[in-house]
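Scroll down for the structure; my scribbles are underneath it.
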Amino acid sequence: MAMKKFINDPDNLVHELLEGFALANSSKVQLAGENLVVRAKPKSQDKVALVTLGGSGHEPALSGYVGEGMLDVSVPGEIFAAPGPPRVIEAIRAAHRDAGMLFVVLNHAGDVMSANVVMGMAESEGLNVKQILTHEDISAGSREDPSDRRGLVGCLPVIKVAGAAAEKGCSLDECLAVAERMEHNMATLAVAVSGATHPATGDVISTVADDEMVVGMGQHGEAGGGTQKLATADKTAEIMLNALLDDLKVKKGEKILVLLNGVGSTTLMELYLVLRAVKRTLKGKGVKLARSIVGEFLTVQEMGGFQMCIARMDDELIDLWDAPCNTPALVVK
Amino acid sequence: MAMKKFINDPDNLVHELLEGFALANSSKVQLAGENLVVRAKPKSQDKVALVTLGGSGHEPALSGYVGEGMLDVSVPGEIFAAPGPPRVIEAIRAAHRDAGMLFVVLNHAGDVMSANVVMGMAESEGLNVKQILTHEDISAGSREDPSDRRGLVGCLPVIKVAGAAAEKGCSLDECLAVAERMEHNMATLAVAVSGATHPATGDVISTVADDEMVVGMGQHGEAGGGTQKLATADKTAEIMLNALLDDLKVKKGEKILVLLNGVGSTTLMELYLVLRAVKRTLKGKGVKLARSIVGEFLTVQEMGGFQMCIARMDDELIDLWDAPCNTPALVVK
Amino acid sequence: MSATIGCNDFIRMLRAAIAQIEQNHETLSRLDSHGGDGDHGSTMRRAMACVEKAIAETGESPDLKALLHNVGWAVMGVDGGATGPLFGMLFMGMSAPAAGKADLDAAELAGVFEAGLASVRKNTKAQVGDKTLIDALAPAVETLRKEADAGADPTRALEAAAAAAQAGAAATKEMQARFGRAKNVKEKSIGNQDAGAASVSLIFRGFAKGVQSNG
Amino acid sequence: MSATIGCNDFIRMLRAAIAQIEQNHETLSRLDSHGGDGDHGSTMRRAMACVEKAIAETGESPDLKALLHNVGWAVMGVDGGATGPLFGMLFMGMSAPAAGKADLDAAELAGVFEAGLASVRKNTKAQVGDKTLIDALAPAVETLRKEADAGADPTRALEAAAAAAQAGAAATKEMQARFGRAKNVKEKSIGNQDAGAASVSLIFRGFAKGVQSNG
Ligand SMILES: Nc1ncnc2c1ncn2[C@@H]1O[C@H](COP(=O)(O)OP(=O)(O)O)[C@@H](O)[C@H]1O
Ligand SMILES: Nc1ncnc2c1ncn2[C@@H]1O[C@H](COP(=O)(O)OP(=O)(O)O)[C@@H](O)[C@H]1O
Ligand SMILES: [Mg+2]
Ligand SMILES: [Mg+2]
Ligand SMILES: [Mg+2]
Ligand SMILES: [Mg+2]
Chain P
1 MAMKKFINDP DNLVHELLEG FALANSSKVQ LAGENLVVRA KPKSQDKVAL
51 VTLGGSGHEP ALSGYVGEGM LDVSVPGEIF AAPGPPRVIE AIRAAHRDAG
101 MLFVVLNHAG DVMSANVVMG MAESEGLNVK QILTHEDISA GSREDPSDRR
151 GLVGCLPVIK VAGAAAEKGC SLDECLAVAE RMEHNMATLA VAVSGATHPA
201 TGDVISTVAD DEMVVGMGQH GEAGGGTQKL ATADKTAEIM LNALLDDLKV
251 KKGEKILVLL NGVGSTTLME LYLVLRAVKR TLKGKGVKLA RSIVGEFLTV
301 QEMGGFQMCI ARMDDELIDL WDAPCNTPAL VVK
Chain G
334 MAMKKFINDP DNLVHELLEG FALANSSKVQ LAGENLVVRA KPKSQDKVAL
384 VTLGGSGHEP ALSGYVGEGM LDVSVPGEIF AAPGPPRVIE AIRAAHRDAG
434 MLFVVLNHAG DVMSANVVMG MAESEGLNVK QILTHEDISA GSREDPSDRR
484 GLVGCLPVIK VAGAAAEKGC SLDECLAVAE RMEHNMATLA VAVSGATHPA
534 TGDVISTVAD DEMVVGMGQH GEAGGGTQKL ATADKTAEIM LNALLDDLKV
584 KKGEKILVLL NGVGSTTLME LYLVLRAVKR TLKGKGVKLA RSIVGEFLTV
634 QEMGGFQMCI ARMDDELIDL WDAPCNTPAL VVK
Chain Y
667 MSATIGCNDF IRMLRAAIAQ IEQNHETLSR LDSHGGDGDH GSTMRRAMAC
717 VEKAIAETGE SPDLKALLHN VGWAVMGVDG GATGPLFGML FMGMSAPAAG
767 KADLDAAELA GVFEAGLASV RKNTKAQVGD KTLIDALAPA VETLRKEADA
817 GADPTRALEA AAAAAQAGAA ATKEMQARFG RAKNVKEKSI GNQDAGAASV
867 SLIFRGFAKG VQSNG
Chain V
882 MSATIGCNDF IRMLRAAIAQ IEQNHETLSR LDSHGGDGDH GSTMRRAMAC
932 VEKAIAETGE SPDLKALLHN VGWAVMGVDG GATGPLFGML FMGMSAPAAG
982 KADLDAAELA GVFEAGLASV RKNTKAQVGD KTLIDALAPA VETLRKEADA
1032 GADPTRALEA AAAAAQAGAA ATKEMQARFG RAKNVKEKSI GNQDAGAASV
1082 SLIFRGFAKG VQSNG
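Protein chains in written order, with the numbering used here: chain P, 1 to 333; chain G, 334 to 666; chain Y, 667 to 881; chain V, 882 to 1096.
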């Protein structure tokens, strides 16, 4: 089927979407420099700033998390493509402060390369910036060698807790420690039931057979079972949750956060069914569902499917997760 | 293509989704009685309560707006089917208070019939409830005889301002007046680019040809142009906005709210492009974009397309629109 | 043949109506699929399951008013469009004049149905000719009154009412819908019977059969 | 033939490289579509447009360090995966040893490219044999050094480097990708040249041609 999207000139897509995004959220964010997204009311200079980068086409991520309690600056790239170093270093320079900066990078080749160049430059310029790399997709690589593990929606809890710590006035090292604790204690698995199209080129990004689903979008479905027959909400939840609990070695009595991220055309309705099933399975295992959140946080255009992210929580992480924030895509009172 | 949804027993779908919904939002809502959604922390009895009813399958609507500053009770029906009077009167009786109740009904045949029966019963029981009917879809009927105009996403601003008025302690008559002013000053038009499936039966709900879009989902597209070739974001925004401004007879210098509601697989990205185009067209006409909001508020499963709702605002309506709320699907600080 | 209709007669009538719907629900859905959303048969089936449940719950020695009220209330509880409120109001409306009566003669039976029709009319402005269930219900109820006035017993009156309902439903074939979802397809609604009218016809057919099974 | 390479020679080399990419971008995208995401040709084209822009912006009487730095920085600004940082680092890395030099002899040219390669290596652990652009770049740079040591002039050295890059790129056909997106398809990556290596080969072909056009 032909792509059916409301767009104008594909070459101007990212700029236009950012304009509309800033307009819709003018009380919270604004555009600065060359397509950088910054807070409408900057955080005071004595607090650590959070900066991130990432391809566009995943709205509301990542710019949707710029605002009080979360990010200070987001550097959106082209559709599905990390921004090159020049705009990123511009952002880092602009956000520079003595309190320091935490640079949140999702593990994707382009993002990491861009980030590495920028970290090198920042160091030589004497900018106080530390990097946290998120790589929690268990469908490739292992917990011991996570270099192949992609960064999926787990960036959200990392940004949330580190952002809350920064807002509280924690030091850069403290913010980094919180971010790392969150990162090391989470695991994500994705399932896809239908493909998506690249909004600028119209290319089909991925396809799934009519009666199938793909658990673990790593090409070989290293964890989770790969391509299989479409299953019920209950069964799918169980398959994914078990793989995640296993990977994270969650033990009886531990408290976890469960985040369900719809990636496109999968409905909230379905995600609620999945959460219900997750809760039942956890109960059977004696694992406590400390917090849960369901929505579309990091999308892949009109793709059908979702990401399930779980995280082992301690009391401090729960407090930071519960802390207020006021961003376009997440508001906590 | 076969339906690809994560569900379990179709007969238990609504109950399961409500369980998951309540779980994901346990700090804000809870289930009561027979699948009623109520606030986790009830509003004090001296304030007007807001009650609504509506079919399921449109998540986050309508139960997603139960919470501080918006609804007190929502009565979800089966998928796409209004709840019958027994559960609705149960909700009304439970929400009953001397301050009175505002009953928000969207103009769809089943909803209205159910509401009429309930209003008759409530009257004979001496319950203090007044009804506000939303019918702002300009694709059928006329502003003078709106009986054929369906209630689309315009229920959201009505619930928002009336809910804020109730929270402030306004009387039932004041809440009703605010709701009516909002209702009379709004207009909505929908565009569809792809169909959806009924999640319980798997039936195809509607289809759109590969290269077409349908503006105004009234079968004959009485306003907006009906079936036409898929257009750019700019062109589509212009077609729809002009039809809405016309219907609402918006004049130069007036202030409007623009609400863009993605109904399923259409991305936030596209909606941002549309909002940008709306802003430009308004500027050309000297109409002020006082407020805007973009998201998925009332969906139709995986359907592609969106609803554009505009509303003429006065200062009081803007204040009520801006007032804080804390619901699963909308949080304003 | 009965000179009066008691509560147990009514239960038999209702059960025969349930059987009619059960046998014809696919036709009803098919009729609803021209212009409507194709769910009328399944909704009626669910409604009839509620009727059966309400009969059972009304208990051993039921009173007619309670029976009709419970049946109406149960049907109302069926989520799904127009059917629940319309058919629910029919039965609930019928219950009021049945108060305090154990057995109904033909005139009283007509009165009960007239009250049901009036109650339906409170929920719709549809008139005969608008291609809705009113096209079957209104002539059926009028026929009950005429037959009672002419001295017919309830059995004969119900048989005549069923014939009138059937004729009314058949006549909807040539009509254009002015209410309900089918209204949206305008002239395309012509050519098929209205689903709701067909349901009413089946229900009256059931009533006529059910009352005879007591013969 | 030149004994030394000045800034204007470099501009000619760069423009010839741009022409090579322009003529072959479809092939590059096709190569990237086996195992990658099929965008390498279009990304390289965008990168080359940035190179052209950087040349223009560097102005009338450019200095070599500034030229290479600006080119590298411009290429870095291309959003899109691995290409921007890798090729950007190549040129930016080349700029440092060019500082203060107007003309480069063959040894200095080799030094400049060695610095570029070192800078690329800072951004990837890929080695020769891993089926990446390193497979073309490393032998090309080594060849520049060998030719300089053997007394070749820059023109000859670049011609030899282009041949080495081409051979290196050709050799990737039999390799299994261990870096980049193509890594995910594992053994299925065998059978086609690596897109990035093919780009490097084209760029060196352009350099060799461009420097000759000054003959
Ligand atoms: N406004 C109305 N007035 C009278 N009868 C109506 C009205 N709307 C629908 N009906 C009747 O209901 C029937 C359709 O019932 P059903 O399919 O169960 O409900 P829905 O149309 O909500 O899916 C129609 O054939 C018609 O007889
Ligand atoms: N980690 C890496 N190390 C070295 N070269 C790489 C790496 N990743 C990709 N490449 C090179 O980049 C080429 C792909 O470039 P391109 O398609 O533009 O980027 P992307 O893969 O991000 O779409 C590959 O053919 C390979 O030569
Ligand atoms: Mg129907
Ligand atoms: Mg229906
Ligand atoms: Mg590529
Ligand atoms: Mg790419």
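No residue lacks a Cβ here, since even glycine has one placed at the ideal position from N, Cα and C.
For V:Gly-917, the distance from the CB to the nearest heavy atom of ligand 5 is below 6 Å.
Counting only Cβ-Cβ distances below 7 Å, V:Asn-1004 has contacts in chain P at Met-113, Asn-116, Val-117, in chain order. Excluding sequence positions up to five before and after V:Ala-1021, its CB lies within less than 6 Å of the CB of Ala-1042, Ala-1045, Ala-1046, Phe-1085, all in the same chain and listed in chain order.
In the assembly as shown, P:Val-178 is a buried residue. Its beta-carbon has 16 or more other beta-carbons within 10 Å. When C-beta atoms of the stretch 972–991 of chain V are compared with those of the stretch 1024–1041 of chain V, three or more pairs fall below 8 Å, so the two segments count as touching. Here the alpha carbons of Y:Ala-843 and Y:Leu-680 stand approximately 28 Å from one another. DSSP places P:Pro-86 inside the alpha helix (DSSP H), whose first and last residues are 85–95. In the DSSP assignment, Y:Val-778 falls outside any beta strand (DSSP E) and lies within the alpha helix (DSSP H) extending over 772–787. Within the stretch 359–443 of chain G, the beta strand (DSSP E) runs of at least 3 residues that lie entirely inside it are, in chain order, 362–365, 369–372, 382–389, 406–412, 434–439. P:Cys-170 sits in coil when the DSSP states are folded into three classes, being neither helix nor strand.
The stretch 119–130 of chain P makes no contact with the stretch 61–69 of chain P, as fewer than three CB pairs between them are under 8 Å. When Cβ-Cβ separations below 7 Å define contact, V:Gly-958 makes contact with chain P. V:Leu-949 and V:Met-975 do touch by the CB rule: their CB atoms are close to 5 Å apart, below 8 Å.
Segment contact: the stretch 359–368 of chain G against the stretch 616–626 of chain G, fewer than three CB-CB distances shorter than 8 Å; contact not assigned.
P:Glu-16 has its alpha-carbon roughly 9 Å from the corresponding atom of P:Asp-9.
In the DSSP assignment, V:Lys-1006 falls outside any beta strand (DSSP E), carrying neither H nor E. Chain order gives the chain V residues near P:Glu-78 as Asp-960, Gly-961, where near means a beta carbon separation below 7 Å. With a cut-off of 6 Å, the C-beta of P:Asp-203 is classified as distant from ligand 5, since no heavy atom of the ligand falls inside that distance. Taking every protein chain shown into account, the CB of P:Asn-12 has fewer than 16 other CB atoms within 10 angstroms, so this residue is exposed. Taking C-beta atoms under 8 Å as the contact rule, G:Ser-539 and G:Ala-523 fail to qualify, at a distance of about 11 Å. Rounded to whole angstroms, the gap between the alpha carbons of P:Gly-202 and P:Asp-247 is 36 Å. It is roughly 7 Å from the alpha-carbon of G:Ala-610 to the alpha-carbon of G:Ala-566. Secondary structure at P:Leu-230: coil, using DSSP grouped into helix, strand and coil. The residue among V:Ser-1080, V:Ala-977, V:Arg-893 with its C-alpha nearest the C-alpha of V:Ala-1089 is V:Arg-893. Taking 8 Å as the cut-off between beta carbons, the residues of the stretch 87–116 of chain P near chain V are Arg-87, Ala-109, Gly-110, Met-113, Ser-114, Asn-116, in sequence order. By the rule that beta-carbons nearer than 7 Å mark a contact, G:Ser-625 touches chain P.
The shortest C-alpha to C-alpha distance from G:Ala-533 to any of Y:Ser-708, Y:Gln-686, Y:Asp-675 is the one to Y:Ser-708. Ranked by Cα distance from G:Met-546, the options G:Met-636, G:Ala-424, G:Leu-608 are led by G:Met-636. Between P:Gly-226 and P:Lys-252, the C-beta gap is not smaller than 7 Å, which leaves the two residues out of contact. Taking the beta carbon of V:Arg-926 as reference, no residue of chain P falls within 8 Å; the closest one sits roughly 13 Å away. Contact between G:Leu-404 and G:Leu-386 fails: their C-beta atoms lie close to 11 Å from each other, not under 8 Å. Around the C-beta of V:Ser-1070, 16 or more other C-beta atoms lie within 10 Å, and the residue is accordingly described as buried. Y:Leu-694 and G:Glu-392 have their C-alpha atoms some 30 Å from each other.
The contact set of V:Met-970 on chain P, defined by CB atoms closer than 8 Å, consists of Val-117 in chain order. Contact of V:Gly-1032 with chain P by beta-carbon distance below 7 Å is absent, the smallest such distance being about 36 Å. Shortest gap from the CB of P:Asp-137 to any heavy atom of ligand 5: 6 Å or more.
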